[in-house]
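Student: Residue numbers (our numbering): 765 to 1437.
Don't be surprised by glycine CBs; every beta carbon is placed ideally from N, CA and C.
Handing you this structure, nothing more for now.
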Ligand code: NAP
Ligand code: SF4
């Protein structure tokens, strides 16, 4: 049997057939909001269709002004809007893919003052209080959905997805959490589901039978006032009867205090809820959330848990996911590590989404790798993320590349990241580069601390030597109690029970997780501590079990502002890091001055006045990094004196170093050599 034959099997929807089971789920890129970006959006989807994805779903497009997620968000409500969207649908159809337009009404998640909802109940994650929709506005909104669906059909879409989950408007009607109405749109489940049902009926009437209607239904709300499983089943069956073709799985409201897609969520954690709803329905059902490998996709389809697999971020990370799986080369896939740093963190900062491990995502027309006109001898010094990207892209373009790495293996800082419980996925990126290095023919020289003389014969020299940990200056910093983070994360030091962590950046937070958590990617383990009830007896939540902290940790920083400590840098994941440290009872101290370390422990002054001694076994330095620049030939003013030299990643700038910048710099440089 061919590899991954289950996920690669076509799916007959009656009037149309999907070529396999892989769907690119909706993901807001920011490109859909401005008409001048539709060429870029077309290239983005076109590449994924070319890569074998059967069906794609656009980012959310509103049907009217109240439905906008942000001011002037992408809207489809005039015939003029069709022109831009045709560019997208043509690009997908050119490669035999199919595409749905997602119709999204943000409801009370709308970040603008004219937001509306079922009732005037403010969301905890949005400063704007919505107005309760009048009967007239509800009826108009139903018409708007139908009109938008018809325009999507005229624009060449194969169907639409109605966004009814993650806490957006239709979810706000369906759940009593927000819906406090006493008219025919509120109260009983029959009344609460009236709006989505009326929308489905109105859309179906407008577009006819041969147009895919997918509905994303929240199967597990994970917020107080969410639906019970009985209610979810009632709604799903009613949607099926009203004429939808596919039911997509929605997981948790955006305001839920359970992470649903972050890297610490085990793979396919929610497949069981999809499997349960599938048993209740006749139409195809789609699984989603934290599914990122062809092995997992195939297993879900084979076991009958779902008919289709929705993956958004994994297809951002690798547009050729399906073709590589079909070619029997899953090891060649650039796996999404669920970090959110290149995609959702940017989307939620109003920037264009891309991908940490694939800087071409969203930039398909701008970051282009073309064959080099002349093959050059290129030396890359450093086998971390920046160096690996530069080396493999340059070699792929036809250059003769030698990569020098001082350590015994490639991967740099990612080796340490992968050691942190909940960050096991980072190992996948190292596996991907191992494969890329072999595929592109990069010559790797490990354990090679290269000298300037050895670099003399190369046409281009890429310095990607990265960073070394910063050692703060205070008395006793060389005391045996003091360790730096690489010593700990590489397992080179035994760490005691009472620990002070100096620094509260990403690495300080990771250090706490490393010292407190165990590596356990089982769904049961994760669900127990986050209080997830897959049975959905009430709303998908149950009392979480208390964590047992095997260490007493105090995390410190010099800056004032304790409130934000423990979140790390992730905009969309910071709250979950903070919650985890809270579960383990990590103490936070801000505005700290480090006085000294001696046998008694860490002596500190807090807030400029109070002096304390933290009686700890170890003080772990997570105080940021400094660039490793030894090999860079510079003049007295700091200018590089040899034009063959290029500096990227941490070696260029240690502050604000992150893997996203390192990989992007490596790719951009290699594209230009
Ligand atoms: P960082 O984010 O710059 O944090 C450094 C910490 O050390 C700060 O809390 C800082 O706080 C403290 N510090 C700086 N200089 C100090 C000094 N001289 N003495 C004592 N304390 C000092 O650096 P990082 O935590 O090492 O992370 C490095 C990069 O990797 C960051 O860009 C980060 O975004 C990225 N990263 C990301 C993740 C992730 O999950 N997304 C995880 C790990 C790392 P005070 O100055 O207030 O003391
Ligand atoms: Fe996945 Fe991170 Fe890329 Fe987003 S940025 S698609 S989470 S690897």
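Could you tell me whether the Cβ atoms of residue 869 and residue 923 are closer together than 8 Å?
Tutor: Going by C-beta atoms, residue 869 is not nearer than 8 Å to residue 923.
Student: I'd like the ranges of any beta strand (DSSP E) spanning at least 3 consecutive residues and lying wholly in the region 1021–1104.
Tutor: Runs of the beta strand (DSSP E) inside the region 1021–1104: 1049–1051, 1072–1075.
Student: Work out the CA separation of residue 1129 and residue 846 for me, nearest whole Å.
Tutor: Residue 846 and residue 1129: Cα-Cα distance of roughly 22 Å.
Student: When you compare the CB positions of residue 982 and residue 930, do they come within less than 8 Å of one another, or not?
Tutor: Yes, they are a contact pair.
Student: In the DSSP assignment, what residue or residues form a beta bridge with residue 1262?
Tutor: Per DSSP, 1316.
Student: Within this structure, are the beta carbons of residue 1021 and residue 989 separated by less than 8 Å?
Tutor: No, Cβ-Cβ distance for residue 1021 and residue 989 is not below 8 Å.
Student: Do you know offhand how far residue 1308's Cα is from residue 1033's?
Tutor: If I take the Cα positions, the gap works out to 16 Å.
Student: What are the start and end residues of each continuous beta strand (DSSP E) run of 3 or more residues lying completely inside the region 1285–1367, in chain order?
Tutor: Fully enclosed beta strand (DSSP E) runs of 3 or longer: 1316–1320, 1351–1353, 1356–1362.
Student: What number of angstroms, rounded off, separates the C-alpha of residue 1395 from the C-alpha of residue 1140?
Tutor: So the two alpha carbons sit approximately 21 Å from each other.
Student: Give, in chain order, every unbroken run of the beta strand (DSSP E) that is at least 3 residues long and sits entirely within the region 1196–1281.
Tutor: With a minimum length of 3 residues, the continuous beta strand (DSSP E) runs that stay inside the region 1196–1281 are 1207–1209, 1224–1227, 1231–1233, 1246–1248, 1262–1266.
Student: Report the residue from 1198, 1168, 1163, 1164 whose alpha carbon sits nearest the alpha carbon of residue 1179.
Tutor: Measuring from the Cα of residue 1179, the nearest candidate turns out to be 1198.
Student: My guess is that residue 1226 and residue 1300 are in contact by the Cβ rule of under 8 Å, so how many angstroms apart are they, rounded?
Tutor: No, residue 1226 and residue 1300 are not in contact; Cβ-Cβ is about 52 Å, not under 8 Å.
Student: Which residue comes first and which comes last in the alpha helix (DSSP H) that contains residue 974?
Tutor: It is not in any alpha helix (DSSP H) - residue 974 carries neither H nor E in the DSSP assignment.
Student: Could you check if residue 1254 is buried or exposed, using at least 16 other CB atoms within 10 Å of its CB as the buried criterion?
Tutor: When all chains shown are included, residue 1254 counts as exposed.
Student: As a quick exercise: from 1144, 1171, 1097, pick the residue whose alpha carbon is nearest that of residue 1408.
Tutor: Measuring from the Cα of residue 1408, the nearest candidate turns out to be 1144.
Student: What is the DSSP secondary structure of residue 1012, reduced to helix, strand or coil?
Tutor: Correct three-state label for residue 1012: strand.
Student: Across which residues does DSSP place residue 1144 in a beta bridge pair?
Tutor: 1167, 1226.
Student: Using DSSP with H/G/I as helix, E/B as strand and the rest coil, what is residue 869?
Tutor: Correct three-state label for residue 869: coil.
Student: With residue 1050 and residue 1012 assumed to form a contact (beta carbons below 8 Å), what rounded beta-carbon distance in angstroms separates them?
Tutor: With a Cβ gap of about 4 Å, residue 1050 and residue 1012 count as contacting.
Student: Hey, is residue 1234 close to the ligand NAP, as in C-beta under 7 Å from one of its heavy atoms?
Tutor: Checking the Cβ of residue 1234 against the ligand NAP gives yes.
Student: Going by C-alpha to C-alpha distance, which of 1230, 803, 920 sits closest to residue 975?
Tutor: Comparing Cα-Cα distances from residue 975 to each of 1230, 803, 920, the minimum goes to 920.
Student: Less than 8 Å between C-beta atoms, sequence neighbours within five positions excluded: which residues of the same chain meet that for residue 1171?
Tutor: Closer than 8 Å at the Cβ level, and outside the excluded window around residue 1171, lie 1147, 1210, 1211.
Student: Going by DSSP, which residues form a beta bridge with residue 895?
Tutor: The partner list for residue 895 (beta bridge, DSSP) reads 880.
Student: Write down every uninterrupted run of the beta strand (DSSP E) in the region 785–872 whose length is 3 residues or greater and which is fully enclosed by it, in chain order.
Tutor: Counting only runs of 3 or more, we get 786–788, 819–825, 862–867.
Student: I'd like the list of long-range same chain contacts for residue 1267, defined as Cβ closer than 6 Å, with 5 residues on each side in sequence excluded.
Tutor: Result list for residue 1267: 1386, 1387, in chain order.
Student: Could you check where the alpha helix (DSSP H) with residue 1377 kicks off and where it finishes?
Tutor: Careful: residue 1377 lies outside any alpha helix (DSSP H), inside the beta strand (DSSP E) at 1374–1378.
Student: Just checking residue 1150 against the ligand NAP - is the residue's beta carbon closer than 7 Å to any of the ligand's heavy atoms?
Tutor: Not under cutoff, so the answer is no.
Student: I'd like the span of the alpha helix (DSSP H) that includes residue 1151, first residue to last.
Tutor: That run of the alpha helix (DSSP H) goes 1149–1160.
Student: Can you list, in chain order, the residues of its chain whose CB lies under 6 Å from that of residue 933, leaving out five sequence neighbours each side?
Tutor: Here the set comprises 869, 871.
Student: Please classify residue 1127 as buried or exposed, where buried requires at least 16 neighbouring CB atoms within 10 angstroms.
Tutor: Per the 10 Å Cβ criterion, buried.
Student: Excluding the 5 residues preceding and the 5 following residue 777 in the sequence, name in chain order all residues of the same chain whose CB lies nearer than 6 Å to its CB.
Tutor: If we look at residue 777 and ignore the five residues flanking it on each side, its Cβ neighbours are 1009.
Student: What separation, rounded to the nearest whole angstrom, lies between the Cα atoms of residue 1168 and residue 1436?
Tutor: C-alpha separation (whole angstroms): 21 Å.
Student: Excluding the five sequence neighbours on either side, which residues of its own chain have a C-beta within less than 7 Å of the C-beta of residue 1092, listed in chain order?
Tutor: Correct list, in chain order: 767.
Student: For residue 946, is the classification buried or exposed, using 16 other Cβ atoms within 10 angstroms of its Cβ as the cut-off for buried?
Tutor: The residue is exposed, with fewer than 16 neighbouring Cβ atoms inside 10 Å.
Student: Beta-carbon within less than 7 Å of residue 1232's beta-carbon, same chain only, minus the 5 sequence neighbours each way: which residues are those?
Tutor: Taken in chain order, the residues that qualify are 1389, 1390, 1392.
Student: Compare the beta carbon distance of residue 957 and residue 1303 with 8 Å and say whether it is the shorter of the two.
Tutor: No, the Cβ-Cβ distance between residue 957 and residue 1303 is not below 8 Å.
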